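Reviewing the structure listed below.
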Amino acid sequence: MAGHSNTIADLYAAFARGDIPAVLATLSPNIRWTEAEGFPYGGTYVGPDAVLQQVFARLGSEWDGYAAVPHEFVADADTVIALGEYSGTYKATGKSFKAPFVHVWKFDADRVVSFRQHTDTAVVQRALQ
């Protein structure tokens, strides 16, 4: 269990420093990545390339200072739940936001096979308008 928590903590650290290849290397080739309905990139993406193009590339190009900072991890068998806070400024509007998140990560062996985002999408939407 601690191993999966450490893997996810390392993943957030890699994302924070912009090391997207390190993040993608943790993902299974068949990852199912689900962004919450109402989030700018809401939907389910399958495979690391889809996550890169539809989520990470857009976060990098459409936001200034976008961050997902975990504050706590809860692990059980092959699941890690991360609780934390998003922040960033949407370039098109110049509006910033902060919103809590819960991320549910599921593993098969040492690879992430599922990611599900839960957040207050209304707070995020205010930054987009």
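Terminal number for the sequence shown in my numbering: 160, no gaps in between.
We put the beta carbon where it would ideally sit given N, CA and C, even for glycine.
Bear in mind that the values here come from a model prediction, so they are computed numbers and not experimental data.
Which residue comes first and which comes last in the alpha helix (DSSP H) that contains glycine 91? On the sequence shown, residue 91 is found 60 positions in, with the first residue counted as 1. Counting along the chain, the alpha helix (DSSP H) containing glycine 91 begins and ends at 88-93.
Mind checking who tyrosine 117 pairs with in its DSSP beta bridge? Along the sequence shown, one-based indexing puts residue 117 at 86. BP columns for tyrosine 117 point to Ala99, Ala130.
Taking the alpha helix (DSSP H) that leucine 55 falls in, what are its first and last residues? Along the sequence shown, read from residue 1 onward, the residue named residue 55 stands at position 24. Here the alpha helix (DSSP H) through leucine 55 covers 51-57.
Thinking C-alpha only, which one of Arg142, Leu90, Leu83 is nearest aspartate 109? By 1-based counting over the sequence shown, the position of residue 109 is 78. Residue Arg142 is the option with its Cα nearest to aspartate 109.
Whose CA, out of Pro60, Tyr117, Gln84, lies closest to the CA of glycine 78? Residue mapping note: residue 78 aligns to position 47 of the sequence shown, counting from 1. Comparing Cα-Cα distances from glycine 78 to each of Pro60, Tyr117, Gln84, the minimum goes to Pro60.
Can you give me the start and stop residues for the beta strand (DSSP E) that arginine 147 sits inside? The residue labelled residue 147 in the question sits at position 116 within the sequence shown. Run containing arginine 147: 142-150, per the beta strand (DSSP E) assignment.
Note down, one range per segment and in chain order, each alpha helix (DSSP H) of at least 4 residues found wholly within the region 61-90. 79-82
Just to check my reading of the structure: aspartate 95 and lysine 122 have Cβ atoms closer than 8 Å, yes? What is that Cβ distance to the nearest angstrom? The count along the sequence shown starts at 1 and reaches residue 95 at position 64. The count along the sequence shown starts at 1 and reaches residue 122 at position 91. The pair is a contact, with the Cβ atoms about 6 Å apart (cut-off 8 Å).
Whose C-beta lies closer than 7 Å to the C-beta of phenylalanine 138 among residues of the same chain, with five residues either side of it excluded? Reading the sequence shown from its first residue, position 107 is the one you call residue 138. Once the five neighbours on either side are set aside, the close Cβ partners of phenylalanine 138 are His35, Asp109, Val144.
Taking just the CA atoms, how far does glycine 73 sit from leucine 90? In the sequence shown, residue 90 corresponds to position 59, counting from 1. In the sequence shown, residue 73 corresponds to position 42, counting from 1. Going from the Cα of leucine 90 to the Cα of glycine 73 covers about 13 Å.
Taking 8 Å as the cut-off, decide whether the C-beta atoms of phenylalanine 128 and glycine 119 are in contact. Mapped onto the sequence shown, residue 128 falls at position 97. Mapped onto the sequence shown, residue 119 falls at position 88. Yes, the Cβ-Cβ distance between phenylalanine 128 and glycine 119 is below 8 Å.
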